[in-house]
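Participant:
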Amino acid sequence: MPVELNLRLGGAECPCCVEAVSGVFLPLMAARLAIPSVLDQSPVQALEAPQVQVAASTNEYAQHKGVVEACEGSEELYSDPSFLGAAFFATKGSSYEPLRGSMSCLAWLAAGGRDANEAEQNLQRCLSFCSLKVLPVSEPASEMT
Numbered sequence: 001m002p003v004e005l006n007l008r009l010g011g012a013e014c015p016c017c018v019e020a021v022s023g024v025f026l027p028l029m030a031a032r033l034a035i036p037s038v039l040d041q042s043p044v045q046a047l048e049a050p051q052v053q054v055a056a057s058t059n060e061y062a063q064h065k066g067v068v069e070a071c072e073g074s075e076e077l078y079s080d081p082s083f084l085g086a087a088f089f090a091t092k093g094s095s096y097e098p099l100r101g102s103m104s105c106l107a108w109l110a111a112g113g114r115d116a117n118e119a120e121q122n123l124q125r126c127l128s129f130c131s132l133k134v135l136p137v138s139e140p141a142s143e144m145t
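When we follow full-length UniProt numbering, the leftmost residue of the sequence shown carries the number 1, and every step to the right adds one.
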């Protein structure tokens, strides 16, 4: 009999952050708990050592309608020791519409540290290594009648 696993484990960055601080990859753990005999004899496997004590994350949006000029991370981002993960959703040249919930998210980014303050500072530094630009488009002038 088919089994469907359909769950939402927080935002897109949630599994990345939980894995970094606990060693548990949430989607795989949920599947193991749901159907242990199919995936493994044991529903819970040994945890890996945490990467960081605290993880901080952000979802980035533009505040105006426009055209995406840039949506990417630099080499410095990917080589930063506090960088945990990111996903860049928009592509250069695509149109951008704000206030559409997750559909308006340009990117998410996560970084870690020894405490909440350090994790937040590391997140801001990692964010500075990203290029997220949406050029505003002017609305066509309405014709006077």
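Idealized CB from N, CA, C, for every residue including glycine.
From Ala87 to Leu26, what does the alpha carbon distance come to, in whole angstroms?
Facilitator: For the purposes of this step, residue 87 is taken as residue 87 along the sequence shown, with counting starting at 1. For the purposes of this step, residue 26 is taken as residue 26 along the sequence shown, with counting starting at 1. Those two C-alpha atoms are separated by around 18 Å.
Participant: Helix, strand or coil, according to DSSP, for Glu19 in the structure here?
Facilitator: Looking up residue 19 in the sequence shown gives position 19. Of the three classes helix, strand and coil, the one that applies to Glu19 here is helix, per DSSP.
Participant: From Val52 to Glu97, what distance separates their C-alpha atoms?
Facilitator: In the sequence shown, residue 52 corresponds to position 52, counting from 1. In the sequence shown, residue 97 corresponds to position 97, counting from 1. Answer to the nearest angstrom: the Cα atoms are 35 Å apart.
Participant: Of all the options Glu69, Ala34, Ala20, which has the alpha carbon lying nearest to the alpha carbon of Leu106?
Facilitator: Here the question's residue 106 lines up with position 106 in the sequence shown. When only C-alpha atoms are compared, the closest one is Glu69.
Participant: Examine the Cβ distances between the region 74–91 and the region 119–131 and report whether three or more of them are shorter than 8 Å.
Facilitator: The region 74–91 is in contact with the region 119–131.
Participant: In the structure shown, what three-state DSSP assignment does Ser74 receive?
Facilitator: Against the sequence shown, residue 74 aligns to sequence position 74. Residue state, collapsed to three classes: coil.
Participant: Where do the ends of the beta strand (DSSP E) carrying Glu60 lie?
Facilitator: Position 60 of the sequence shown, counted from the start, is the residue given in the question as residue 60. Segment 54–60, the beta strand (DSSP E) holding Glu60.
Participant: So the beta strand (DSSP E) Ala49 belongs to, where does it begin and stop?
Facilitator: What you label residue 49 is simply residue 49 of the sequence shown in a count that begins at 1. No beta strand (DSSP E) contains Ala49, which DSSP labels as neither H nor E.
Participant: For Ser94, tell me which candidate among Leu132, Ile35, Leu33, Pro50 has the shortest Cα-Cα distance.
Facilitator: The residue labelled residue 94 in the question sits at position 94 within the sequence shown. Cα-wise, what sits closest to Ser94 is Leu132.
Participant: In this structure, how does DSSP classify Glu69 when only helix, strand and coil are distinguished?
Facilitator: Taking the first residue of the sequence shown as 1, we reach residue 69 at position 69. Correct three-state label for Glu69: strand.
Participant: For the alpha helix (DSSP H) holding Leu33, just list the boundary residues, first then last.
Facilitator: Working through the sequence shown from its first residue, we reach residue 33 at position 33. Unbroken alpha helix (DSSP H) run through Leu33: 26–34.
Participant: Apart from the five residues on each side of it in sequence, which residues of its chain come closer than 8 Å, Cβ to Cβ, to Phe129?
Facilitator: Taking the sequence shown and counting its residues from 1, one reaches residue 129 at position 129. So the list reads Gly73, Ser74, Glu76, Leu77, Asp80, once near-sequence residues are dropped.
Participant: Would you mind working out which of Ala34, Ala49, Gly11, Arg32 sits nearest Glu19, comparing C-alpha positions?
Facilitator: On the sequence shown, position 19 is the one that residue 19 refers to. Ranking the options by Cα distance to Glu19, first place goes to Ala49.
Participant: What's the call for Leu33, buried or exposed, on a 16-neighbour Cβ count within 10 Å?
Facilitator: Here residue 33 refers to the residue found at position 33 of the sequence shown. Exposed, because fewer than 16 other Cβ atoms sit within 10 Å of the Cβ of Leu33.
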